[in-house]
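UniProt numbering puts the first residue of the sequence shown at 1, with every later residue one more than the last. We put the beta carbon where it would ideally sit given N, CA and C, even for glycine. For reference, the structure discussed in these notes is given below.
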Amino acid sequence: MAKRAAPGIDTLIARTGLSGKVGFVVADAKTGAVLEAHNPVLKLPPASTTKAITAMYGLKTLGSGYRFVTRVLATGPVQAGIVQGDLVLQGSGDPALDTDQLADLAARLRAAGVRGVSGKFIYDDRALPHLKSIDPGQPEHVGYNPAISGLNLNFNRVHFEWKPASSGWAVTMDARAKRYRPQVQVARMKVVNRQVPIYTYADAKGADQWTVASGALGKGGSRWLPVRRPGEYAAEVFQTLARAQGISLPRAQRAKTAQSGTELARHQSAPLSDILRGMLKYSTNLTAEVVGMSASRRRGGTGASLSASAGQMEDWLKATLGPRHAKFVDHSGLGDGSRISANEMNRALLAAAPDGALKGLMKDVPMRDAKGKVVKGSPIKIKAKTGTLNFVSSLAGYVTTPKGRELTFAIFTADTSKRAQLSRSERERPEGGRSWARRSRGLQAQLVDRWATVYEL
Numbered sequence: 001m002a003k004r005a006a007p008g009i010d011t012l013i014a015r016t017g018l019s020g021k022v023g024f025v026v027a028d029a030k031t032g033a034v035l036e037a038h039n040p041v042l043k044l045p046p047a048s049t050t051k052a053i054t055a056m057y058g059l060k061t062l063g064s065g066y067r068f069v070t071r072v073l074a075t076g077p078v079q080a081g082i083v084q085g086d087l088v089l090q091g092s093g094d095p096a097l098d099t100d101q102l103a104d105l106a107a108r109l110r111a112a113g114v115r116g117v118s119g120k121f122i123y124d125d126r127a128l129p130h131l132k133s134i135d136p137g138q139p140e141h142v143g144y145n146p147a148i149s150g151l152n153l154n155f156n157r158v159h160f161e162w163k164p165a166s167s168g169w170a171v172t173m174d175a176r177a178k179r180y181r182p183q184v185q186v187a188r189m190k191v192v193n194r195q196v197p198i199y200t201y202a203d204a205k206g207a208d209q210w211t212v213a214s215g216a217l218g219k220g221g222s223r224w225l226p227v228r229r230p231g232e233y234a235a236e237v238f239q240t241l242a243r244a245q246g247i248s249l250p251r252a253q254r255a256k257t258a259q260s261g262t263e264l265a266r267h268q269s270a271p272l273s274d275i276l277r278g279m280l281k282y283s284t285n286l287t288a289e290v291v292g293m294s295a296s297r298r299r300g301g302t303g304a305s306l307s308a309s310a311g312q313m314e315d316w317l318k319a320t321l322g323p324r325h326a327k328f329v330d331h332s333g334l335g336d337g338s339r340i341s342a343n344e345m346n347r348a349l350l351a352a353a354p355d356g357a358l359k360g361l362m363k364d365v366p367m368r369d370a371k372g373k374v375v376k377g378s379p380i381k382i383k384a385k386t387g388t389l390n391f392v393s394s395l396a397g398y399v400t401t402p403k404g405r406e407l408t409f410a411i412f413t414a415d416t417s418k419r420a421q422l423s424r425s426e427r428e429r430p431e432g433g434r435s436w437a438r439r440s441r442g443l444q445a446q447l448v449d450r451w452a453t454v455y456e457l
């Protein structure tokens, strides 16, 4: 095969000055023939490219048209607008449920003629286990590491906003969406006169208790914080939204057993294919974990932990797509212990290539030059999933060359030694992390450009 001049692999890697290890494979998407590889069997952390595997797992197990359903049930009849029994808010794990949709559910309940309940208001989040976080090793306050349950809201994050006030600071904690922003009590914030630590967290007095250092607040601002009590969070917000509809509900209690009753109202999520498209675009960790655990439960697993569910995904991967040595500790790639080689990731992408379902869900990744600038009008088309952890960067997916040849590829880079030296508090913005990631992304862009040149036909 004739090849046009392009920098060699060793030259490209050396130019970046990237510490750690590099592994990659590129193959012809139609024949599966490997065109070029470097450390192809070296197992490295996949980071969020794990979500590509999770997407395949969810599609094959649940189906592209699968929808999560959030329901309101009554354990007794409705008489004169009052439920004679308990009212149950029951989730199935919907990872995309937001406050506006919960408000619409409350409006449907009002349209069904409900104004109150004679018994208890119960929330049932038992469709999935309640896990306090995805990765316990992450800093407490990062919004990408929330809790998981069978009843999730706003990606299990609460909006913290602060403004200067005459007496110090005006602070709000709310469950905002586009139309509604109800304040909540399940997550509380106290401003403390200190410089560090910036945040502290405690599970106390029946709520998420946060403190923030006054020295870090500047002139005001906002950020999303993780919610550790997602079922209770959703139930409190629903109670507030129901009150706005003229429905009086007592404080919610968590279901101790699976609940059943007459359905009074429901909210259906978008089809799974749409949810996965959003997950692959925005890299939402909660979505990946919920989809993965839901798929494992459909396959008969207990889904008692992320590692157990991820183990089921490993078994499925071995049985259906070929890779036999991948190790996953979760479905999002956030955890430190997941490992896969570029060769095995590429094999999975090749196996998924014929029907095009995964490629169609992946985001368009713009072609960039070695300095990271977008190359406008580039004839090279990339559909891929990115992945980033501290001193870990990955890219895996599909490339269409200027002359229409389809390629699959996986690129993994990692300096696991540097990563292992980070303390928990350093993980949000480690020294040298940004420059390392920039060099890695530059290498990825140069490799894709090389392949589109050398293997254009």
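Through-space distance from Thr257 to Thr240, alpha-carbon basis: 25 Å
Can you tell me whether Gln185 is helix, strand or coil according to DSSP? Three-state result, Gln185: coil.
From Leu422 to Ala310, what distance separates their C-alpha atoms? 25 Å
Got a sec, what are the start and stop residues for the alpha helix (DSSP H) Glu236 sits in? In this chain, the alpha helix (DSSP H) harbouring Glu236 covers 230-244.
Out of Gly221, Val158, Ala244, which has the shortest C-alpha to C-alpha gap to Gln209? The candidate whose alpha carbon is nearest that of Gln209 is Val158.
Should Lys51 go down as buried or exposed, given a rule of 16 or more other Cβ atoms within 10 Å for buried? buried
Residues near Ile9 in its chain [Cβ-Cβ closer than 6 Å; skip 5 each side]: His38
Status (buried if at least 16 other CB within 10 Å, exposed otherwise) for Gly150: buried
Can you give me the Cβ contacts of Thr172 inside the same chain, cut-off strictly under 7 Å, excluding the 5 residues immediately before and after it? Glu161, Gln183
Can you tell which of Gly303, Thr302, Val329 has the C-alpha that lies nearest to the C-alpha of Glu314? Val329
For my contact list, Ala348 and Leu317 are in at a C-beta cut-off of 8 Å; report their separation, rounded to the angstrom. Their Cβ separation, rounded to whole angstroms, is 7 Å, which keeps Ala348 and Leu317 in contact under 8 Å.
Reduced DSSP secondary structure (H/G/I, E/B, other) of Met367: coil
Do Ala213 and Arg188 have their beta-carbon atoms positioned less than 8 Å apart in this structure? no
Exposure label - Glu344; buried when at least 16 CB within 10 Å: buried
Buried or exposed for Glu426, please, with buried defined as at least 16 other CB atoms from any protein chain shown within 10 angstroms of its CB. exposed
With a CB to CB cut of under 8 Å and the five nearest residues on each side skipped, what residues in its chain are close to Leu62? Leu272, Val291, Ser294, Ala295, Arg298
Would you give the residue range spanned by the beta strand (DSSP E) that Ser309 belongs to? Unbroken run through Ser309 is the alpha helix (DSSP H), 306-320; no beta strand (DSSP E).
Thr200 to Glu140, Cα distance in whole Å? 8 Å
Contacts around Pro430, its chain only, beta-carbon distance under 6 Å, and the 5 residues preceding and following it disregarded: Asn390, Leu422
Which same chain residues, not among the five before or five after Met126, have their C-beta less than 7 Å away from its C-beta? With the sequence shown as reference, residue 126 is identified as Arg, and Met is not the correct amino acid for it. Closer than 7 Å at Cβ, skipping near neighbours: Gly150, Ala255, Ala258.
Determine the burial state of Lys205: buried for a count of at least 16 other Cβ atoms within 10 Å of its Cβ, exposed for fewer. Label assigned to Lys205: exposed.
Is Leu42 near Gly17, with beta carbons less than 8 Å apart? no
Curious, which full-length alpha helix (DSSP H) runs of at least 4 residues does the segment 372-447 contain? Under the rule that a run must span 4 or more residues, the alpha helix (DSSP H) segments found entirely inside the segment 372-447 read 416-420.
Specify the secondary structure class of Gln90 as computed by DSSP and reduced to three states. strand
Beta strand (DSSP E) containing Arg266: first to last residue? 262-268
Taking C-alpha atoms, which residue in Asp336, Leu35, Ala207 lies nearest to Gln138? A check of alpha carbon separations from Gln138 across Asp336, Leu35, Ala207 identifies Asp336 as the nearest.
Buried or exposed: which applies to Arg439, given that a residue is buried once 16 or more other Cβ atoms fall within 10 Å of its Cβ? buried
Rounded C-alpha distance that separates Ala175 from Gly432: 35 Å
Tell me Ala37's beta-bridge partners as DSSP assigns them. Val25
Sequence-distant residues of its chain with Cβ nearer than 7 Å to Val25 (five each side left out): Taking C-beta separations shorter than 7 Å and ignoring five residues to either side along the sequence, the partners of Val25 in its chain run Val34, Ala37, Pro40, Ala342, Asn343, Asn346, Phe409, Ala410, following chain order.
Where does Gly116 fall in DSSP's three states? strand
Assess, as a yes-or-no matter, whether the segment 214-225 is touched by the segment 85-103 under the definition of 3 or more beta carbon pairs within less than 8 Å. no
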